[in-house]
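Heads up: the sequence lines are chains A and B, in that order.
Each residue of the first sequence is one higher than the one before, counting from 300 in the working numbering.
Each residue of the second sequence is one higher than the one before, counting from 238 in the working numbering.
No residue lacks a Cβ here, since even glycine has one placed at the ideal position from N, Cα and C.
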Amino acid sequence: MWFRDPAFAAGVRATLPVLLGIIPFGVITGVAMVASGIPPLVAMLMSVLVFAGASMVASAQLLASNAPALLVVLTTLIINLRFMMYSASLRLHFADAPLGRRLAVAYLTADNVYGLMLGRFAEHPGDPGKYPYFLGAGLVVWAAWQAAVLGGILIGAGVPAQWRLEFAAPLAFIAISIPFLRDRASVAAAVAAGVAIVLCQDVPLKLNILIAAAAGIAAGLVVEKRK
Amino acid sequence: MTLWLTLLGMALVTFALRAAFLVLPPGTELPAFFKRALRYVPAAVLTAIWAPEVLVQNEQLPAGVVAIAVAWRWRMTFATIIAGLLALHLFAWLI
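The structure is reproduced here in structure tokens:
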């Protein structure tokens, strides 16, 4: 069985340093969702069904400002587009696995689980321990995330306002975004997106995140071509 | 009702993106241009989420700069959050 495989235990152990980042971000996400007026049970359900923190924090802000449902879903799509990149790369490892396993891999895909997986198996694509390793890492990250969100939901509005804990959400995004700045083109994409969103603060319906995404992608492509 | 629709939409869209290439028939590829464009989505979108909080609200700018430096040097979410929050309170106390 997969959970008796030594690779499963290796996957579990590999997540331990990563949990230090996941747990505070999960707590912040839980607090942000409740603070934006999402009922606690719906927030927990969202955490289980969507399981993508960045898009949940952004959606919570949009919902709090009464943005239309379609825009919230569209923003979620844009923020989570990176998962499509991950799925294209994970296919190289799991193409021959049964459908059930591929769906499990899909559901458990998260930034850091993908990162751990790639770090260990990029050089050894034929390793039979890939699936148990992925499950070990993915299940621990999943459980820690859900527990952290639940904690955040329970804390909810109980945090004193003078702690300024709401600022922890952008701080977590800073930490998540920086590792994606791998070369000049991706730095250009980030700078262009940041400038665009600040200039477009007053665009109605918070469409500014879509404009910023387009500006960032364009800047990245232009800088990439110059080389 | 709208909240439930939103939740359902978010869940479907997110799972579809995660599962896309794991369930599509082998050999299915994205158009080359789309693939190149996709590479810049994380850097652009994740930055766009935090940029207004740090750049528009002047009193949060110094703490944001501290957090960026810590994230850049140590790549640790936990350290970045702690450093940014401490810096926010420190600068508020100094000014």
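Are the CB atoms of residue i and residue j nearer to each other than 9 Å?
| i | j | result |
| --- | --- | --- |
| residue 238 of chain B | residue 371 of chain A | no |
| residue 392 of chain A | residue 420 of chain A | yes |
| residue 259 of chain B | residue 402 of chain A | yes |
| residue 327 of chain A | residue 318 of chain B | yes |
| residue 353 of chain A | residue 379 of chain A | yes |
| residue 305 of chain B | residue 477 of chain A | yes |
| residue 359 of chain A | residue 508 of chain A | no |
| residue 518 of chain A | residue 267 of chain B | no |
As a quick exercise: from the options, pick the residue whose alpha carbon is nearest that of residue i.
| i | options | result |
| --- | --- | --- |
| residue 256 of chain B | A:384, A:412 and A:495 | A:384 |
| residue 286 of chain B | A:511, A:414, A:339 and A:397 | A:511 |
| residue 410 of chain A | A:461, A:474, A:401 and A:520 | A:474 |
| residue 345 of chain A | B:240, B:295, B:262 and B:282 | B:240 |
| residue 298 of chain B | B:282, B:308 and B:324 | B:324 |
| residue 288 of chain B | A:316, A:468, A:347 and A:422 | A:468 |
| residue 282 of chain B | A:523, A:479, A:522 and A:483 | A:479 |
| residue 317 of chain A | A:525, A:424 and A:443 | A:443 |
| residue 471 of chain A | A:304, A:301 and A:322 | A:322 |
| residue 294 of chain B | B:308, B:310, B:262 and B:329 | B:329 |
| residue 404 of chain A | A:441, A:329 and A:508 | A:441 |
| residue 494 of chain A | B:302, B:284 and B:249 | B:284 |
Could you have a look at residue i and say whether DSSP puts it in helix, strand or coil?
| i | result |
| --- | --- |
| residue 242 of chain A | Nothing can be reported for residue 242 of chain A, as the shown portion of chain A is limited to 300 through 526. |
| residue 525 of chain A | helix |
| residue 307 of chain B | helix |
| residue 296 of chain B | helix |
| residue 377 of chain A | helix |
| residue 350 of chain A | coil |
| residue 284 of chain B | helix |
Got a sec: does the ligand HEM put a non-hydrogen atom nearer than 8 Å to the Cβ of residue i?
| i | result |
| --- | --- |
| residue 451 of chain A | The ligand HEM is absent from the structure shown, which contains no ligand whatsoever. |
- Item | Three or more C-beta pairs below 8 Å linking the segment 305-317 of chain B and the segment 272-284 of chain B | no
- Three or more C-beta pairs closer than 8 Å, one from the segment 331-348 of chain A and one from the segment 449-456 of chain A: is that the case here? yes
- Should the segment 511-520 of chain A be called in touch with the segment 481-494 of chain A, which here means at least 3 C-beta pairs below 8 Å? yes
- Message: Is it the case that the segment 303-316 of chain A contacts the segment 432-444 of chain A, given that we only count it when at least three CB pairs across the two stretches are under 8 Å?
- Response: yes
- Message: To test your reading of the DSSP string, which unbroken alpha helix (DSSP H) runs of 4 or more residues are found completely within the segment 430-505 of chain A?
- Response: 467-476 and 483-498
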